[in-house]
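As structure tokens, the structure follows; a few thoughts come after it.
Residue numbers (my numbering): 65 to 558.
Written out as structure tokens, the structure is:
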């Protein structure tokens, strides 16, 4: 069977289930369980003869031999049993539930999965199917899945700039559906970038990637996404831990961190008070290795990511605007980051590229350095891809081509060759260098740096299309609401 019929089958059945109220997320979840079980059965057969740990009576043949109510009842029992197991198996099936209530449609889905030899299919086929479903799921704004999905064009650009090397470790403390891992894997496995030997490939498959994801369903999708892209072993330990990465300092450090940590809300936890009422309290992490104690989740992730790096480690991290200008703990973190690392590059991102509205974000690129009293950052290069840039997710999504000029300016692998595109003669240039002394002298050591003029203020004839303009207005209003909420939370503190 070639690629097209497989993809067509998977998507057509997704449409059928949507008519029954089964969304992309629920479909993706059930597909994850079934493909994993089918592949486990394929690995069990000669010549592979691998025991994946799926117990007899709860394996693939136990599903294909039943129909109707008996199938539905057994499927529920199977999910519960496998969710109690250890390793990758247990992580895939943890907290699993049957979301397909019609036994006939469940049987058809099982039959569709059974018709494909998944182990024999290429990584591209399996990966494209799964990544496509993940993106469709992210588009469903009601499900909230978009917060776990970073635009793939941005991810690939970040990886291309950092250019990870073989036999190095890569981590993401809030890895979502694993987008950064897949992009790094593709970069490392590309013969144009690296020629890997057998040892390199084994390291890449089983030892390179380390992640954390506390949301069970997202973690499940991440593990399956990685596995379908040839990362990890079906009978091995999970490469993604279910614990909160911020709780304690990392037990081991890594060579690279790529991340888009969750943002938009402060960390909080719910509890029941003495009157049996639900209350929410801000969650702070009292860690000795943090520069500042704060309930601001984004600032905590920045501090944690720095602690994850070895002395020559490199990071590329997506952060919201408030990390660049917020006072108090924000100023402390920025000043310490400039002193302890070489924060060499900031990419200002446009609105309209994330599935969550109201997001104004940037990418910080920094290299860790050995402890020193001297400030490790000398120059900060800023690329403004926000001012006068208009994107929407459907009509004008951001692509790798849109970010190619930034990559060219970044000069991957030879940053000493950088040259500004901005000058007094060319004030429209998007690439500009700032001395760290100038940044440190700014109010609160703000890194919210911009210089380009908004052309729409003076050029009414060349305004964006109405739908783009409306989307930008919504984003601005959403961003404003987020800022007002953060102010209100600060005022409510005792």
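Idealized CB from N, CA, C, for every residue including glycine. Computed from a prediction, not measured in an experiment: that's the story for all the values here.
Counting along the chain, the unbroken alpha helix (DSSP H) around residue 248 starts and ends at 243–253. Per DSSP, residue 116 lies in no alpha helix (DSSP H) segment and is marked neither H nor E.
Residue pairing by DSSP places residue 101 in no beta bridge whatsoever.
DSSP places residue 384 in the strand class (E or B) of the three-state scheme. The beta carbon of residue 388 sits closer than 6 Å to those of 511 and 512, all from its chain and outside the five residues before and after it, given in chain order. Spanning the alpha carbons of residue 152 and residue 228 requires a straight line of approximately 26 Å.
A residue is called buried once 16 or more other Cβ atoms fall within 10 Å of its Cβ, and residue 159, having fewer, is exposed. With respect to residue 162, residue 92 sits apart: the two C-beta atoms are not nearer than 9 Å. At least 9 Å separates the beta-carbon of residue 196 from that of residue 219. Shown here, residue 435 sits in coil according to DSSP, grouped into three states, outside any helix or strand. Rounded to the nearest angstrom, the gap between the Cα atoms of residue 144 and residue 257 is 44 Å. Residue environment analysis places residue 309 among the buried positions, since at least 16 neighbouring C-beta atoms fall within 10 angstroms of its C-beta.
At a Cβ-Cβ threshold of 9 Å, residue 88 and residue 203 count as neighbours. Collapsing the DSSP output to three states places residue 281 in a helix. Under the rule that a run must span 4 or more residues, the alpha helix (DSSP H) segments found entirely inside the stretch 424–512 read 468–474 and 500–504. Residue 85 is bridged by DSSP to nothing; it lacks a bridge partner. Cα atoms of residue 188 and residue 90: separation of roughly 23 Å, rounded to the nearest angstrom. Just so you know, the alpha carbons of residue 519 and residue 452 end up roughly 6 Å apart. Judged by DSSP in its simplified three-state form, residue 418 adopts coil rather than helix or strand. Looking at the DSSP output, residue 236 sits in a beta bridge with 275. Each residue's CA atom was taken as its position, placing residue 301 and residue 287 some 11 Å apart.
Shortest Cα-Cα distance from residue 436 to any of 461, 403, 411 and 445 involves 403. If you look at residue 185, you'll find it isn't in any alpha helix (DSSP H); DSSP assigns it neither H nor E. The criterion of a C-beta distance shorter than 9 Å is not satisfied by residue 272 and residue 246.
Excluding residues up to 5 positions away in sequence, 103 and 106 lie with their Cβ nearer than 6 Å to the Cβ of residue 183 in the same chain. Counting C-beta pairs with one atom in each stretch, the stretch 395–410 and the stretch 426–440 have three or more that are closer than 8 Å, which means they touch.
Leaving aside the five residues that flank residue 311 on each side, the residues in its chain whose CB is nearer than 8 Å to its CB run, in chain order, 349.
Shown here, residue 224 sits in a helix according to DSSP, grouped into three states. Take residue 496, set aside five residues on each side of it, and the residues of its chain with a beta-carbon closer than 7 Å to its own are 446, 484, 486 and 515, in chain order. Rounded to whole angstroms, the separation of the alpha carbons of residue 393 and residue 384 is 15 Å. Excluding sequence positions up to five before and after residue 224, its CB lies within less than 8 Å of the CB of 251, 471 and 476, all in the same chain and listed in chain order. Straight through space, the alpha carbons of residue 275 and residue 239 are spaced by roughly 6 Å.
For the options 443, 292 and 463, the alpha carbon positioned closest to that of residue 482 is the one of 443. In this structure residue 356 does not touch residue 222 by the C-beta definition: roughly 26 Å separates them, more than the 8 Å allowed.
DSSP, reduced to helix, strand and coil, places residue 514 outside both helices and strands of the structure shown, so it counts as coil.
Between residue 135 and residue 167, the beta carbon gap of about 5 Å places them in contact (Cβ cut-off 8 Å).
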